[in-house]
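In what follows, a single structure is set out as structure tokens and then discussed.
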Amino acid sequence: MAPASSGPSSLVLLGISVLGACWLGLTVLGAFHIHSPSLPHLTAGPAAGEAGAGGATAETLLRRVNLLEEQARATEREILLAQEALRRGKFHPSVASPSPETLQTRGGQARPGGAVGAAAVDEGQVYGRSSAAGLPSAVPRARGSRCGPDGIVAVTYASHGGKDDRFCRAVESAILNGVPWEVLGWGEEWLGLSQKLQASLDYAKSLDEDCILLFSDAFDVLFTSDLKEIKQKFLTMQKPLVFAGECGCWPQVVKDKDRGLPEGTICNTLYPPSPTPYRFLNSGAWIGYARQAEHLLEAVVAKANSEFGMKTNDQEMVSDMYIDGQFDIALDHQSEVF
131 MAPASSGPSS LVLLGISVLG ACWLGLTVLG AFHIHSPSLP HLTAGPAAGE
181 AGAGGATAET LLRRVNLLEE QARATEREIL LAQEALRRGK FHPSVASPSP
231 ETLQTRGGQA RPGGAVGAAA VDEGQVYGRS SAAGLPSAVP RARGSRCGPD
281 GIVAVTYASH GGKDDRFCRA VESAILNGVP WEVLGWGEEW LGLSQKLQAS
331 LDYAKSLDED CILLFSDAFD VLFTSDLKEI KQKFLTMQKP LVFAGECGCW
381 PQVVKDKDRG LPEGTICNTL YPPSPTPYRF LNSGAWIGYA RQAEHLLEAV
431 VAKANSEFGM KTNDQEMVSD MYIDGQFDIA LDHQSEVF
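By the numbering used here, the letter at position 18 of the sequence shown is numbered 148, and the numbering carries on one by one without gaps.
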């Protein structure tokens with residue numbers, strides 16, 4: 131059961147639960163209602179009145195195959211609609227580096243059935259590659275020069291669209307809720323999580339220090355409200371930097387031995403308490419003032435470069451900082467935003 135809150139959360143985080151800590155299968159954090167077409171369920175079981183696996187006839191199996199094919203075609207149509215919305219973006223090469231672009235989407239209309247309709251797409255900001263570190267980096271801008279019209283911006287990192295429709299569904303949720311969602315790193319060769327961290331840091335540096343920066347992962351977070359509502363919920367929390375909370379203590383749950391601690395010490399003793407099951411930090415979604423985010427990301431990137439390299443685990447590093455009380459990090463225990 132989701133914790134009591136003043137309303138539904140504004141973003142929904144989807145993920146596979148760790149060690150059965152919350153639920154088996156898909157985990158949904160926060161009370162919410164998704165007004166979006168649901169993913170067609172491809173069931174392998176026999177339909178009502180049909181023979182079970184042991185007594186299935188050729189006719190029964192053929193009907194089942196036809197049903198699955200029809201469902202697959204419906205899913206493919208939804209993917210194509212989302213891809214069409216993406217293709218409407220106005221891409222242009224960078225003067226400094228001609229390869230990857232950033233896509234911004236503006237709110238569009240939903241067609242009957244909830245499919246993505248026409249969406250006005252702004253020209254994206256262009257991101258190049260840092261020659262010094264070999265990591266994606268924003269084309270230099272004047273510090274503190276930008277923010278969204280409502281004092282908040284939303285950003286993610288994705289070098290490609292993935293192997294399934296999850297990214298398209300995330301884009302669809304942004305469009306349906308009128309969220310201009312900027313995508314960093316598009317077209318980059320994916321080498322590791324350090325790319326996401328560096329790109330996010332460069333982006334934070336380009337913002338006005340009082341601009342509110344909302345970051346969410348590209349493949350497992352859906353929007354359920356617009357940025358004005360998200361901003362208001364964040365301001366109500368009166369914290370400079372808020373991360374999503376989850377009920378799985380990952381990856382600290384397997385780090386006690388590496389750090390010479392008795393089993394369960396980090397998760398059960400060192401981790402700050404919570405009034406809800408959402409006690410543990412999830413780095414896949416966070417919101418905060420640009421300068422506070424910049425300071426945090428600088429520390430994370432520095433630690434990643436010195437200790438982990440491209441294969442860094444940002445959730446581990448930020449969780450350690452939260453446990454140590456650094457950067458005034460707070461968690462959204464009540465699922466107000468996440």
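Each residue gets a CB set at the ideal place from its N, CA and C atoms; glycine is no exception.
Beta-carbon proximity of residue i to residue j, cut-off 8 Å
| i | j | result |
| --- | --- | --- |
| T354 | S139 | yes |
| D462 | G375 | yes |
| A284 | L344 | yes |
| Y287 | A329 | yes |
| V430 | V448 | yes |
| S346 | W320 | no |
| D280 | K369 | no |
| C298 | L337 | no |
C-alpha distance - residue i paired with residue j, whole-angstrom precision
| i | j | result |
| --- | --- | --- |
| W416 | L391 | 29 Å |
| L365 | W316 | 31 Å |
| A348 | K433 | 24 Å |
| S404 | F410 | 8 Å |
| I342 | D356 | 14 Å |
| D458 | D450 | 13 Å |
| V142 | N307 | 13 Å |
| R196 | D294 | For clarity, residue 196 is Asn in the given sequence; the question names Arg instead. The straight-line gap from Cα to Cα measures roughly 21 Å. |
| E302 | E318 | 22 Å |
| Q456 | V313 | 28 Å |
| E393 | G291 | 39 Å |
| M367 | R194 | 50 Å |
| T190 | E200 | 15 Å |
Cβ distance (whole Å) where residue i is taken to contact residue j below 8 Å
| i | j | result |
| --- | --- | --- |
| Q445 | S413 | 4 Å |
| D386 | T395 | 5 Å |
| I282 | K361 | 5 Å |
| V372 | A460 | 5 Å |
| I453 | P402 | 7 Å |
Close-in-space but distant-in-sequence residues of the same chain around residue i (CB under 6 Å, 5 per side omitted)
| i | result |
| --- | --- |
| L323 | T442, D444 |
| A112 | This structure leaves residue 112 out entirely; the chain is present only between 131 and 468. |
| S436 | none |
CA nearest to the CA of residue i, picked from the options
| i | options | result |
| --- | --- | --- |
| V309 | F468, L352, H425, S336 | L352 |
| Q325 | A188, L427, V301 | L427 |
| G418 | T187, E189, L331 | L331 |
Cβ shell of residue i (< 7 Å), same chain only, five flanking positions each side left out
| i | result |
| --- | --- |
| R296 | F349, D350 |
| C397 | C379, Q382, V383 |
| D340 | Y419 |
| K363 | S140, E466, V467 |
Same chain, Cβ closer than 8 Å to residue i, five either side skipped, listed in chain order
| i | result |
| --- | --- |
| L327 | L427, V430, V431, A434, T442, D444 |
| H425 | F457 |
| L192 | none |
Residue i beta carbon near the ligand GDP (any heavy atom closer than 7 Å)
| i | result |
| --- | --- |
| P310 | The ligand content of the structure shown is nil, which means the ligand GDP is not present either. |
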